[in-house]
Amino acid sequence: MNPGFTGSPLDRADRVRNDAEAYGALLADWRARILGLDGLDPLVASEGGLLWHSIAELTGSEELILLGLSDGKPHFVPLVEADGGMFRSPAIWRALTMLPAEDAAIYGTARSLIEWHNGHRFCGKCGHLTEMFRAGWGRKCGNCGKEHFPRTDPVVIMLAEYEGKALVGRQTRFPPGNYSALAGFLEPGESIEEAVRREIHEEAGVTCGAVRYVTSQPWPFGGAQLMIACVADAQDDAITLDTDELEDAMWVTKDEARAALANEEGRRFNAPPPFAIAHSLLKHWVSA
Ligand SMILES: [Zn+2]
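Residue numbering for the sequence shown follows our numbering, starting at 44 and increasing by one per position.
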């Protein structure tokens, strides 16, 4: 299975973003579909997919972001003023367990773009108001002309491995019994490998050597992040916990991880949900 929030079926259609005529034609296309949102949460249709409105249901005052094309049909999301915060609402958790993977990928793109627009209404260079351009894939300052483009923050998420066991941890905000891979933002001036080793050492006091890349996933909560999943070779298994970051950390065997992924009765811990890359990473590790 592919990591969550990947596999969008939409053609991003970069070619029309700067083409006023082509973009105007998409805005006037009666077949256009408009993503239904409740704040920043997705609306789920009765059959379990995303709910789309027709362009006729718009008031005309909405600013639209072009998500892409499917069978030539434009798909837009209206720019709403909403702050999603770092974490998920219960409504979105429920929606994500229902949405097909392709729909979750479309939704993740939309949410990340909306949050980026809301955080870039003013120019970072001169402080003047900015305006949307490039079909919603940028903002331009009305004063100094600086162009701003949506960014993605890289995050490393990793398992340290030692003698057939992997290190998992839990934060106090996790549901009871849940453990996940350790994670943290890359800092300026760091490689992926360096960030992996630093985060594991900061959070759990474990020193690691070689780092192997496994897979990646866009993550649309708390802005736009790119989760880079890795496995790191630990040099010992003594844990020194940073209790500001983690409530607990432990070494688990492949059998224990398999039981968690399968939700088996009597499992030692609960695994992250399938749409989280930590789930994909654990799955990769138990089968490696
Ligand atoms: Zn400016």
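We treat Cβ as the ideally placed atom computed from N, Cα and C, and that holds for glycine.
Only a predicted model underlies this, so the values are computations on that prediction, with no experimental measurement involved.
Worksheet entry | Cβ-heavy atom distance, residue 169 to ligand 1, below 7 Å | By one-based count along the sequence shown, residue 169 stands at place 126. Within the cutoff, so yes.
Worksheet entry | C-alpha distance - residue 228 paired with residue 185, whole-angstrom precision | On the sequence shown, position 185 is the one that residue 228 refers to. On the sequence shown, position 142 is the one that residue 185 refers to. If you take the alpha carbons of residue 228 and residue 185, they lie about 32 Å apart.
Worksheet entry | Distance CB(residue 47)-CB(residue 300) smaller than 8 Å | Indexing the sequence shown from 1 puts residue 47 at position 4. Indexing the sequence shown from 1 puts residue 300 at position 257. Cβ distance not < 8 Å, so residue 47 and residue 300 don't count as in contact.
Worksheet item: By Cβ distance below 6 Å, which residues in the same chain neighbour residue 297 in space, the five residues on each side in sequence not counted?
Response: For the purposes of this step, residue 297 is taken as the residue at position 254 of the sequence shown. For residue 297, where only same-chain residues beyond five positions count, the Cβ hits under 6 Å are 329.
Discussion item. By DSSP's criteria, residue 211 is part of a beta bridge. Which residues make up the other side?
Written reply: For the purposes of this step, residue 211 is identified with residue 168 of the sequence shown, where counting begins at 1. Looking at the DSSP assignment, residue 211 forms a beta bridge with 293.
Fill in: Neighbourhood of residue 238 by C-beta, 6 Å cutoff - its chain only, sequence neighbours within 5 removed
Position 195 of the sequence shown, counting from 1, holds the residue named residue 238. If we look at residue 238 and ignore the five residues flanking it on each side, its Cβ neighbours are 199 and 229.
Worksheet entry | Within the segment 199 to 250, ranges of the beta strand (DSSP E) (whole runs, at least 3 residues) | 208 to 213 and 225 to 228
Item to complete: Give the single residue among 231, 306 and 243 whose Cα lies nearest to the Cα of residue 211.
Response: Taking the first residue of the sequence shown as 1, we reach residue 211 at position 168. Comparing Cα-Cα distances from residue 211 to each of 231, 306 and 243, the minimum goes to 243.
Worksheet item: CB-CB under 6 Å to residue 72, same chain, minus the five flanking residues each way: which ones, in chain order?
Response: Along the sequence shown, one-based indexing puts residue 72 at 29. 117.
Discussion item. Using a Cβ-Cβ cutoff of less than 8 Å, which residues in the same chain neighbour residue 302 once the five nearest sequence positions on both sides are dropped?
Written reply: Within the sequence shown, residue 302 is the residue found at index 259, counting from 1. The answer, listed in chain order, is 309, 310 and 311.
Worksheet item: What separation, rounded to the nearest whole angstrom, lies between the Cα atoms of residue 263 and residue 281?
Response: Locating residue 263 in the sequence shown gives position 220, counting from the first residue. Locating residue 281 in the sequence shown gives position 238, counting from the first residue. In a straight line, the C-alpha of residue 263 is about 34 Å away from that of residue 281.
Worksheet item: Do residue 349 and residue 159 have their CB atoms nearer than 8 Å?
Response: The structure shown has nothing for residue 349, since the chain only spans 44 to 331.
Worksheet item: Taking the C-alpha atoms as reference points, what is the distance between residue 66 and residue 119?
Response: In the sequence shown, the residue the question calls residue 66 occupies position 23. In the sequence shown, the residue the question calls residue 119 occupies position 76. Those two C-alpha atoms are separated by around 12 Å.
Practice prompt. Assuming residue 152 and residue 163 form a contact by the criterion Cβ under 8 Å, report the distance between their Cβ atoms to the nearest whole angstrom.
Written response: Taking the sequence shown and counting its residues from 1, the one referred to as residue 152 is at position 109. Taking the sequence shown and counting its residues from 1, the one referred to as residue 163 is at position 120. Taking a contact as a CB-CB distance under 8 Å, the pair residue 152 and residue 163 does not count as one, their CB atoms being some 17 Å apart.
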